[in-house]
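Take the sequence shown: its letter number 242 is residue 242 in UniProt numbering, and every next letter is one higher. Glycine included, each C-beta is placed from N, C-alpha and C at the ideal position. Since the structure comes first, as structure tokens, the remarks are kept for the end.
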Amino acid sequence: MPSLDAAQQLAREFTRIADTSDLDNVLAEVCRLLGCRFFALSHHVDFLGAPDLGLRVHNYPEEWAHWFDSQRLGLDDPVHRASQRTAVGFLWRDMARLAPLAAGDRHILARARHHGIGDGLTIPAHVPGDAHGSCSFAWRRGAAPDGNALIFSQSIANFAFEAARRIHGPPATPRLRLTHRQRECLLWAARGKTDWEISRIIGIGHMTVVEHIRNARGRYGSATRAMLIVHALFDGTLHFSEIAKH
Numbered sequence: 001m002p003s004l005d006a007a008q009q010l011a012r013e014f015t016r017i018a019d020t021s022d023l024d025n026v027l028a029e030v031c032r033l034l035g036c037r038f039f040a041l042s043h044h045v046d047f048l049g050a051p052d053l054g055l056r057v058h059n060y061p062e063e064w065a066h067w068f069d070s071q072r073l074g075l076d077d078p079v080h081r082a083s084q085r086t087a088v089g090f091l092w093r094d095m096a097r098l099a100p101l102a103a104g105d106r107h108i109l110a111r112a113r114h115h116g117i118g119d120g121l122t123i124p125a126h127v128p129g130d131a132h133g134s135c136s137f138a139w140r141r142g143a144a145p146d147g148n149a150l151i152f153s154q155s156i157a158n159f160a161f162e163a164a165r166r167i168h169g170p171p172a173t174p175r176l177r178l179t180h181r182q183r184e185c186l187l188w189a190a191r192g193k194t195d196w197e198i199s200r201i202i203g204i205g206h207m208t209v210v211e212h213i214r215n216a217r218g219r220y221g222s223a224t225r226a227m228l229i230v231h232a233l234f235d236g237t238l239h240f241s242e243i244a245k246h
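What follows is the structure in structure tokens.
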């Protein structure tokens, strides 16, 4: 199993990567050290419906990638779903503890095995304002990683994903910041308060609250208050913990 020194060296190499060829070469070296065959760094988006919304770098068989996209699994793949429920990596054979597997999920995993993809591991890669993402390494059918492979991968995966974002990712968009008052009004709205109730809580006029919410929707291009709250949670402007306090 590769050493901590090897992980540190790879992390440094990922920070120095300048182009696609460099990235592929370093990922191939990771696979060599792990003894695996495949790598996949991807945002969890529907690449068939909106291919420009995220990055994806992989060396999976093209037949598998085509089937995966044809089924629009970018959002519903069981590995992707499991990675959205944890901050640390996991072995695929353990992912049912994070997201219970349905019959359709087992069919997807069986289809992967049909294409020569056996067991693997995944490290989540969540960046505020981006779609959820992950870095995965997979072994050929009949082989499997162990806990040491997971620990090694955890130490370099985020460096790999960030390198991929830098080279392949869509252009960064400025984070949409709300004013203090807009955020305050939106927070109370997320807690279920009406505009009138918000005005009483924070001591401003009812129509002023309406205006703050309207302007916040304009900043995000959100058609509804519900979508505004979703967008604000997605980019970190609001947090679930503060909403749940009341």
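**Message:** Closer than 8 Å is the cut-off here; do at least three beta carbon pairs connect the segment 175 to 190 with the segment 207 to 217?
**Reply:** In this structure the segment 175 to 190 touches the segment 207 to 217; the number of beta carbon pairs closer than 8 Å is three or more.
**Prompt:** Any contact of the segment 155 to 171 with the segment 13 to 23, i.e. 3+ C-beta pairs under 8 Å?
**Reply:** A contact exists between the segment 155 to 171 and the segment 13 to 23.
**Asked** Which first and last residues belong to the beta strand (DSSP E) in which Val57 is found?
**Response** Taking the sequence shown and counting its residues from 1, one reaches residue 57 at position 57. 56 to 58 is the extent of the beta strand (DSSP E) around Val57.
**Item:** Counted within 10 angstroms of its Cβ, other Cβ atoms place Thr237 as buried (16 or more) or exposed
**Value:** For the purposes of this step, residue 237 is taken as residue 237 along the sequence shown, with counting starting at 1. The C-beta of Thr237 has 16 or more other C-beta atoms within 10 Å across all chains shown, which makes the residue buried.
**Asked** Going along the chain, which residues of its own chain have a beta-carbon closer than 7 Å to the beta-carbon of Glu63, five neighbours each way excluded?
**Response** Here residue 63 is taken as the residue at index 63 of the sequence shown, counted from 1. The beta carbon of Glu63 lies closer than 7 Å to those of His115 in the same chain, with the five residues before and after it left out.
**Prompt:** According to the Cβ coordinates, are His44 and Ala131 closer than 8 Å?
**Reply:** Sequence index remark: in the sequence shown, residue 44 carries index 44 (1-based). Sequence index remark: in the sequence shown, residue 131 carries index 131 (1-based). Yes. Within cutoff.
**Prompt:** Hey, how far is the Cα of Ile198 from the Cα of Glu242?
**Reply:** Walking along the sequence shown from the start, residue 198 turns up at place 198. Walking along the sequence shown from the start, residue 242 turns up at place 242. Distance between the alpha carbons of Ile198 and Glu242: 16 Å.
**Asked** Just the Cα atoms here: how many angstroms apart are Gly147 and Ser153?
**Response** Start at 1 with the first residue of the sequence shown, and residue 147 comes out as number 147. Start at 1 with the first residue of the sequence shown, and residue 153 comes out as number 153. Roughly 10 Å between the two C-alpha positions.
**Item:** Endpoints, alpha helix (DSSP H) assigned at Asp22
**Value:** As a working note, residue 22 is residue 22 in the sequence shown. Start and end: 20 to 34.
**Item:** Residues bridged to Ser42 [DSSP beta-bridge criterion]
**Value:** Within the sequence shown, numbered from 1, the residue matching residue 42 stands at position 42. DSSP, once it has assigned bridges, lists Arg56, Ser134 as partnering Ser42.
**Asked** If you draw a straight line from the C-alpha of Gln8 to the C-alpha of Ile156, how long is it?
**Response** Numbered from its first residue, the sequence shown carries residue 8 at position 8. Numbered from its first residue, the sequence shown carries residue 156 at position 156. Cα to Cα, the separation comes out at about 8 Å.
**Prompt:** Within 10 angstroms of its Cβ, does Phe47 collect 16 or more other Cβ (buried), or is it exposed?
**Reply:** Position 47 of the sequence shown, counting from 1, holds the residue named residue 47. Taking a 10 Å sphere around the C-beta of Phe47, we find 16 or more other C-beta atoms and assign the residue as buried.
**Message:** With DSSP as the reference, identify every bridge partner of Ala125, one or two as the case may be.
**Reply:** The sequence position of residue 125 within the sequence shown is 125, counting from 1. Partner(s): Gly133.
**Request:** Work out the CA separation of Val230 and Gly207 for me, nearest whole Å.
**Result:** Locating residue 207 in the sequence shown gives position 207, where the first residue counts as 1. Locating residue 230 in the sequence shown gives position 230, where the first residue counts as 1. Contrary to the premise, residue 207 reads as Met rather than Gly in this sequence. If I take the Cα positions, the gap works out to 23 Å.
**Prompt:** What did DSSP end up calling Gly147 once you bin it into helix, strand or coil?
**Reply:** As a position in the sequence shown, residue 147 is number 147, starting the count at 1. If DSSP states are grouped into helix, strand and coil, Gly147 belongs with the helices.
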